[in-house]
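Okay, so the sequence shown: first residue is 2 according to the working numbering, each after it adds one.
To keep things clear, I will list the structure first and then write my remarks on it.
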Amino acid sequence: MQRSDFRATLRYFGARYSGQGQYCYYVSFFTEAQTQPQKKTTHAPKANTDKVQLERVEYWQKIAPNDIKNLVFLDETGIQLSIAQRYARSQRGERALGTAPYPHGNMITLIGAIKFDGVVTTMTVEDGTNSNVFRTFVEEMLVPQLWEGACVVADNLRAHYAPGVKEAIESVGAKLIYLSPYSPDFNPIEHWWSQSYCFFKESQTTNQGRVRNCYF
């Protein structure tokens, strides 16, 4: 019996032998809970090269000496204002109904920074992130919240290399470290964005100001 066919085999025996359906259900439930999820994670092929793997090791060598309380991770994400939940509950045999903005809402950009115990600061803009937008975020929103010894971690987006960004961070005794290429898995803010989307879908907020309040 192949592992991939295990649940199908249980259904087969449950249908063949009367009175065994309940047993089949519990066994199937147990095996699903114990086996690996059937989800697929993909990444860029270049992430497997020796050069990138070496850079990933070098990144951890830079991060390891820092106290976890001093680590600050920042990133950007885009949100469509028409986002809404795709699934809902209803009476059996009836279609679930809901509302969503139409036509599709505008896109906004959320820029945020987090640390181990919460949010550091956030900013929303109607356009994408460029050098000027990111420098404004750093100088006006991030730097006032930093402290001496803080270690800011950013990915390799071109805007993150904007002139004046590194100097602004270092002016308060903090430092800036860039993630290794093709390493979003090293930035915990990615998981935070994912969880935040769930709350945003529930609120169905179509106003930019309320979006920021919904997230933060």
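Where a beta carbon is used, it is the ideal one built from N, C-alpha and C, also for glycine.
**Asked** Among residues of its own chain, excluding the 5 on either side of residue 138, which ones have a beta-carbon nearer than 7 Å to its beta-carbon?
**Response** One-based indexing of the sequence shown puts residue 138 at position 137. Contacts found: 112, 124.
What are the boundary residues of the alpha helix (DSSP H) that residue 56 is part of? Walking along the sequence shown from the start, residue 56 turns up at place 55. That run of the alpha helix (DSSP H) goes 51 to 64.
**Item:** Exposure label - residue 194; buried when at least 16 CB within 10 Å
**Value:** As a first step, residue 194 is located in the sequence shown; it is residue number 193 there, counting from the start. Buried is the call here.
**Prompt:** Excluding the five sequence neighbours on either side, which residues of its own chain have a C-beta within less than 6 Å of the C-beta of residue 1, listed in chain order?
**Reply:** Residue 1 lies beyond the residue range present for the chain, which begins at 2 and ends at 217; the question has no answer from this structure.
- Query: Is it the case that the Cβ atoms of residue 147 and residue 175 are separated by a distance below 7 Å?
  - Reply: The count along the sequence shown starts at 1 and reaches residue 147 at position 146. The count along the sequence shown starts at 1 and reaches residue 175 at position 174. Yes. Within cutoff.
With respect to the alpha helix (DSSP H) encompassing residue 168, which residues constitute its N-terminal and C-terminal limits? Locating residue 168 in the sequence shown gives position 167, counting from the first residue. Looking at the DSSP string, the run of the alpha helix (DSSP H) that includes residue 168 is 166 to 171.
What's the call for residue 1, buried or exposed, on a 16-neighbour Cβ count within 10 Å? Because the chain is modelled from 2 through 217, residue 1 falls outside the range shown and cannot be assessed.
* **Burial state of residue 69, where buried means 16 or more other Cβ atoms lie within 10 Å** => Along the sequence shown, read from residue 1 onward, the residue named residue 69 stands at position 68. The residue in question, residue 69, is exposed, as its Cβ has fewer than 16 Cβ neighbours within 10 Å.
(request) Please state whether DSSP places residue 180 in a helix, a strand or coil. (result) To locate residue 180, count along the sequence shown from 1; it is residue 179. Looking at residue 180 - three-state DSSP - the assignment turns out to be coil, as it is neither helix nor strand.
**Prompt:** For the beta strand (DSSP E) that residue 74 lies in, which residues bound it at each end?
**Reply:** Indexing the sequence shown from 1 puts residue 74 at position 73. Start and end: 72 to 81.
Self-check item: Close Cβ partners of residue 142 (< 6 Å) along its chain, the five nearest in sequence each way excluded
Solution: Within the sequence shown, numbered from 1, the residue matching residue 142 stands at position 141. Same-chain partners within the cutoff: 122, 124.
What number of angstroms, rounded off, separates the C-alpha of residue 164 from the C-alpha of residue 87?
For the purposes of this step, residue 164 is identified with residue 163 of the sequence shown, where counting begins at 1. For the purposes of this step, residue 87 is identified with residue 86 of the sequence shown, where counting begins at 1. CA-CA distance, residue 164 to residue 87, rounds to 42 Å.
Let's test the definition: count the other Cβ atoms within 10 Å of the Cβ of residue 50 and tell me whether it reaches 16, buried, or not, exposed. As a first step, residue 50 must be located in the sequence shown, where it is residue number 49. Flag for residue 50 reads exposed.
Fill in: Beta-carbon proximity list for residue 128, same chain, < 8 Å, skipping 5 on both sides
On the sequence shown, position 127 is the one that residue 128 refers to. Same-chain partners within the cutoff: 110, 134.
Expressed to the nearest angstrom, what Euclidean distance is found between the alpha-carbon atoms of residue 183 and residue 98? For this step, residue 183 is matched to residue 182 along the sequence shown. For this step, residue 98 is matched to residue 97 along the sequence shown. If I take the Cα positions, the gap works out to 40 Å.
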